[in-house]
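What follows is a short report on a single structure.
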Amino acid sequence: MSGVLIIGGGLAAARCAETLRAEGFDGPVAIAAAEAHAPYERPALSKQHLSGERDSGSLALREHAAWSASGIALHLGSRVARIDLASRQALAHSGAVFAFDTLVLATGAQPRRHPALSHLPGVLHLRTLDDSVHLSGRCTRGSRLAIVGAGLIGAEVASTALALGAAPILVEAAPAPLVRAFGDDIGALLAERWRAAGAEVLTGARIREARHDGNGRVTALALEDGTAIACDAILVSIGAVPVTSLVSDQLEIAPDGGIATDASGRTSAPGVYACGDVASWHRRATGGGIRAENWTSAAQQAAVVARAILGECAPATESPLYAWSDQFGLRLQHVSTGAAWERVEIEGGPDDFEARYLDRDGCAVAALVANRPRAVARLRRELAVAPVAA
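Quick note on numbering: this note's numbering labels position 129 of the sequence shown as 117, and the sequence is numbered without any gaps.
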């Protein structure tokens, strides 16, 4: 019996394997992980790990011995090169062959590349534990870190770097940060918060090139308007793209770039599932797929996939999407159905607020709160999608 093969080494892979075992699956379970590290807490990379508050060992989701004790075969450093769904085999770069009856794709996402910067020496990305280690060496006191992309991860890194004594410069192409996610008013509010804390924030800024000294070290980031931003390192933080190349010619790929699944994580091929950042997961609220890059969705989807493998149906009630971010003294918490919004109503100010996102009928479809943790449970109940009548 070949059992279940899970490709990926993040939270979704770990939670799927754990749920299978916890709910009675007694067949073989294997995880093929590209990284040399066992599954770990990725959200800490831009915060506690980067700051030095937590070391690499403390991020592990489980003690290493617990994997084998649970009968889960953990294959680290096993980057898969090819998947053949017809023969039910996956081939690793190392030459190892993994056979499977059931396949779970939890390959996650990788940093989006910047055409003018990402290939250059001294330009960093943040996705893995090793990336965080490299970045920490550039966030020393007195250093200048240019962060291209003022999204949530970029802001978290800037907040952490500032606390370490570095000087972060956030460079954003849009008129304000996070406009597409949260709207103009919230984007402007957050930008002012970051500036007040001591970060430099440049908006409407288009990148031309990075400049280096004779030793290949970054010295400046040049903008299209002629501005040169002196810096010691550049972090590209302009989002992530799902890792689908292994199956893009064998499975349906959704318009958002993720692997299309139903509400139980089933893909277009029998016995093949997807969960986490790589999955475009069907949601009742939108009638289509949504690729959600956050901890909560990865954990929930992985558990649903495990139960689907065991023959259970998808949950009747659809939980809202939930994500959080800690930055510049704010705990931001976002709750959403995934549906499109038309306007936003904001109550509060820079230190604490609640923003409610309404559709064309005036119904709330999302909310963002800052430093109001008690509001989150209420909002999650309000935005939960009830069962659909048969």
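From the three backbone atoms N, C-alpha and C, an ideal C-beta is built for every residue, glycine too. Since we're looking at a predicted model, the values are computed, not measured.
Length of the line joining the Cα atoms of residue i and residue j
{"i": "residue 106", "j": "residue 119", "result": "14 angstroms"}
{"i": "residue 23", "j": "residue 289", "result": "22 angstroms"}
{"i": "residue 114", "j": "residue 239", "result": "28 angstroms"}
{"i": "residue 363", "j": "residue 308", "result": "14 angstroms"}
{"i": "residue 75", "j": "residue 82", "result": "19 angstroms"}
{"i": "residue 378", "j": "residue 304", "result": "Because residue 378 carries a pLDDT of 32, less than 50, the predicted location of this residue cannot be relied on, and no value is offered for it."}
{"i": "residue 345", "j": "residue 57", "result": "46 angstroms"}
{"i": "residue 144", "j": "residue 29", "result": "15 angstroms"}
{"i": "residue 253", "j": "residue 73", "result": "17 angstroms"}
{"i": "residue 172", "j": "residue 283", "result": "26 angstroms"}
{"i": "residue -7", "j": "residue 229", "result": "23 angstroms"}
{"i": "residue 175", "j": "residue 189", "result": "12 angstroms"}
{"i": "residue 133", "j": "residue 59", "result": "44 angstroms"}
{"i": "residue 225", "j": "residue 202", "result": "26 angstroms"}
{"i": "residue 25", "j": "residue 317", "result": "31 angstroms"}
{"i": "residue 126", "j": "residue 220", "result": "7 angstroms"}
{"i": "residue 338", "j": "residue 178", "result": "8 angstroms"}
{"i": "residue 249", "j": "residue 306", "result": "15 angstroms"}
{"i": "residue 292", "j": "residue 218", "result": "48 angstroms"}
{"i": "residue 42", "j": "residue 151", "result": "15 angstroms"}
{"i": "residue 54", "j": "residue 61", "result": "11 angstroms"}
{"i": "residue 336", "j": "residue 241", "result": "41 angstroms"}
{"i": "residue 247", "j": "residue 128", "result": "39 angstroms"}
{"i": "residue 6", "j": "residue 163", "result": "44 angstroms"}
{"i": "residue 208", "j": "residue 112", "result": "14 angstroms"}
{"i": "residue 366", "j": "residue 87", "result": "46 angstroms"}
{"i": "residue 84", "j": "residue 262", "result": "22 angstroms"}
{"i": "residue 267", "j": "residue 280", "result": "8 angstroms"}
{"i": "residue 102", "j": "residue 206", "result": "16 angstroms"}
{"i": "residue 182", "j": "residue 158", "result": "9 angstroms"}
{"i": "residue 39", "j": "residue 348", "result": "43 angstroms"}
Rounded distance between the beta-carbons of residue j and residue i, thought under 8 angstroms
{"i": "residue 48", "j": "residue 19", "result": "With a Cβ gap of about 14 angstroms, residue 48 and residue 19 do not count as contacting."}
{"i": "residue 380", "j": "residue 68", "result": "For residue 380 there is no data in the structure shown, the boundaries of the chain being -11 and 378."}
{"i": "residue 109", "j": "residue 138", "result": "That belief does not hold up - the Cβ atoms of residue 109 and residue 138 are roughly 24 angstroms apart, past 8 angstroms."}
{"i": "residue 211", "j": "residue 196", "result": "6 angstroms"}
{"i": "residue 35", "j": "residue 314", "result": "6 angstroms"}
{"i": "residue -5", "j": "residue 95", "result": "6 angstroms"}
{"i": "residue 16", "j": "residue -2", "result": "With a Cβ gap of about 21 angstroms, residue 16 and residue -2 do not count as contacting."}
{"i": "residue 193", "j": "residue 160", "result": "6 angstroms"}
{"i": "residue 136", "j": "residue 223", "result": "7 angstroms"}
{"i": "residue 44", "j": "residue 117", "result": "6 angstroms"}
For residue i, the residue or residues it bridges with in DSSP
{"i": "residue 314", "result": "319"}
{"i": "residue 248", "result": "268"}
{"i": "residue 132", "result": "155"}
{"i": "residue 355", "result": "323, 344"}
{"i": "residue 16", "result": "Bridge partners of residue 16: none, in fact."}
{"i": "residue 90", "result": "-8"}
{"i": "residue 36", "result": "Its beta-bridge partners do not exist; DSSP assigns none."}
{"i": "residue 333", "result": "344"}
{"i": "residue 277", "result": "270"}
{"i": "residue 224", "result": "136"}
{"i": "residue 262", "result": "93"}
{"i": "residue 254", "result": "261"}
{"i": "residue 111", "result": "222"}
{"i": "residue 85", "result": "79"}
{"i": "residue 241", "result": "247"}
{"i": "residue 48", "result": "28"}
Bounding residues of the alpha helix (DSSP H) (the contiguous stretch that carries residue i)
{"i": "residue 72", "result": "From DSSP, residue 72 is part of no alpha helix (DSSP H) but of the beta strand (DSSP E) over 68 to 72."}
{"i": "residue 370", "result": "362 to 371"}
{"i": "residue 6", "result": "-1 to 10"}
{"i": "residue 170", "result": "167 to 170"}
{"i": "residue 290", "result": "283 to 297"}
{"i": "residue 121", "result": "117 to 124"}
Residue i - containing beta strand (DSSP E), residue span
{"i": "residue 217", "result": "216 to 218"}
{"i": "residue 228", "result": "228 to 230"}
{"i": "residue 379", "result": "Past the boundaries of the shown model lies residue 379; the chain is included only from -11 to 378, so the question cannot be answered."}
{"i": "residue 199", "result": "195 to 200"}
{"i": "residue 206", "result": "206 to 211"}
{"i": "residue 97", "result": "97 to 99"}
{"i": "residue 63", "result": "60 to 63"}
{"i": "residue 53", "result": "Not the beta strand (DSSP E): residue 53 falls in the alpha helix (DSSP H), residues 52 to 57."}
{"i": "residue 189", "result": "188 to 190"}
{"i": "residue 79", "result": "77 to 80"}
Beta carbon proximity, residue i to chain C, threshold 8 angstroms
{"i": "residue 267", "result": "The displayed structure is made up of one protein chain only, and chain C is not part of it."}
>> Count Cβ pairs between the segment 85 to 104 and the segment 225 to 239 that sit closer than 8 angstroms; are there 3 or more?
In response: yes
> Is it true that the segment 352 to 366 meets the segment 314 to 331, where meeting means three or more beta-carbon pairs spaced less than 8 angstroms apart?
Replying inline: These segments touch.
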